[in-house]
Amino acid sequence: MTADRRAQIHRRTLTVVVISQAFGGAGLAAGISVGALIAQDMMGTESLSGVPTALFTLGAALAAFLVGRITQRAGRRTGLGLGFTAGGVGAIGVVAATHLANPALLFLSLFVYGAGTSTNLQARYAGTDLAAPERKGTAVSIAMVATSIGAIAGPNLIEPTGGLATSLGLPSLTGPFLLAAVAYLLAGAVLFAMLRPDPFLLARELESQTPDALDADAARAADEQEPSGSGSDGLPRLVLVGALVMVISQFVMVAVMTMTPVHMRAHDHNMGAVGLVIGLHIGAMWLPSLVTGLLVDAIGPRPTAIASGSILLAAGVTAALAPDDSLTALIIALVLLGLGWNLGLVAGTTMVVKGTRPATRASTQGSIDVWVNIFGASAGAVSGVLMHAAGFSVLAIAGGIVALIIVPALALAPRAGR
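Numbering-wise (the working numbering), the sequence shown opens with residue 700 and increments by one.
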């Protein structure tokens, strides 16, 4: 295969991923926007309003593991397609559970719905399989920025989709999950139909033919066994530090984001305002990705990750100091929160991609995303309890302090991984 042909397939892969992620982003927004509110209404208590986020994030953790293993065996098309389909089925279950006021079905469906969230994240790896080594960060970011198309629109459709749900005889809060069901199923259909040839399988085949030609960075990370470059578990230290950056970014973002709709509704903000804040937050999570990827490729993932920790701290402080009735202050805080997460995810993902090779890349990426989602789930569960006990300001400050763990952790990353 010529370099031009590989580049052509890479561009086609990115096009298909962009289309699927545009749909997937719309599905992603439902759980973030109204999942906590549905649980609060059904359970009658604020302290359990973090449970939906915990459940669909735990479901995302399991899905990350399964999608990674399926991808390793059958390719990105099958792994990602099945993940989005499961997310759509889960969204349908949430609608049914809310209509029936059945908490057990709600919690089970939210768990399954998490597969769509996980697949949204896993799709960022699909664009890197055939990317040139110096363009890995940009390839990650293109997949992520596509998600913003649907992710920004989703929360701002809370009221229109709520009206649609009401016209169908369903509770208004199920509207975003109706949208999620359609969006996830369409995303899966696009991948099943169009992601050919499979980029992961092709990259693995190319590597087997020319072992070190496809990705020199991954070759160095896998082959060099110096103590300064490898972790105790056999993974390159660059991969371990990249995973930690993603885990911390996810934990802080989920903890503060989950309780923001509950905090806003408690202080008389209407659902349109909630949708605006969450929509801008999700936009800040995904939309800067194109610039972020270029930044990572230009200056390296280490400085980008330091910026992530600093911005997440600023987001926590801003949210804590925001007056309860100030929509503008909450928008600024949640935009900073999304931007800090974006920088951490793109920087951490680039470290992981550079530190792995196609022979083991998909399973390693899936395993790392398991931990990203487990920590996100724990953040969702803990956030409701902490807010109930100490208030939203304490929760936000605590999240900002945790984000600073990223900075000293980067000292462990080998500088040769830039």
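Note that CB positions come from ideal geometry on N, CA and C, so glycine has one too.
Classification of residue i by the beta-carbon crowding that lies within 10 angstroms, buried from 16 upward
i     : result
Q707  : exposed
A800  : exposed
M956  : buried
M984  : buried
H966  : exposed
V1093 : exposed
G1065 : buried
M700  : exposed
T865  : exposed
R1001 : buried
A1089 : exposed
Q908  : exposed
D1068 : buried
P751  : buried
Continuous alpha helix (DSSP H) stretch holding residue i: start and end
i     : result
N855  : Element bounds for N855: n/a, residue is neither H nor E.
E904  : P898 to Q908
P802  : P802 to A825
N1072 : R1060 to A1089
T873  : No alpha helix (DSSP H) holds T873; DSSP gives it neither H nor E.
A795  : R775 to L799
I998  : S988 to I998
M984  : M970 to W985
I1104 : Element bounds for I1104: n/a, residue is neither H nor E.
L894  : Where L894 is concerned, there is no enclosing alpha helix (DSSP H), given that its DSSP letter is neither H nor E.
M1050 : L1026 to K1053
Same chain, Cβ closer than 8 Å to residue i, five either side skipped, listed in chain order
i    : result
V811 : G758, A785, G786, V788, G789 and G792
A972 : M963 and L1026
Assumed close pair residue i, residue j - CB separation to whole angstroms, cut-off 8 Å
i    : j     : result
Y883 : G723  : 7 Å
G734 : F783  : No, G734 and F783 are not in contact; Cβ-Cβ is about 18 Å, not under 8 Å.
A838 : T846  : About 14 Å; that fails the 8 Å criterion.
S988 : I1105 : At roughly 18 Å, the Cβ-Cβ gap does not stay under 8 Å, so S988 and I1105 are not in contact.
Q720 : V766  : Actually they do not touch by this definition, with Cβ atoms about 15 Å apart.
Own chain partners of residue i with C-beta closer than 6 Å, once the 5 adjacent residues on each side are dropped
i     : result
A1078 : F950, V953 and A954
F1096 : Residue identity differs from the one stated: residue 1096 is Ile in this sequence, not Phe. Contacts found: G1015 and A1019.
F806  : L754
L713  : G826 and I841
V717  : A845
T1054 : Residue identity check: residue 1054 is Gly in the sequence provided, not Thr. Excluding positions up to five away in sequence, the list reads A920, P935, L937 and V938.
Beta-carbon contacts of residue i that lie in its chain and below 7 Å, excluding the five residues immediately before and after
i     : result
L994  : T1003
L1109 : V940, R1001, A1004 and I1005
A1021 : A1028, L1029 and A1032
V1034 : L979, H980 and A983
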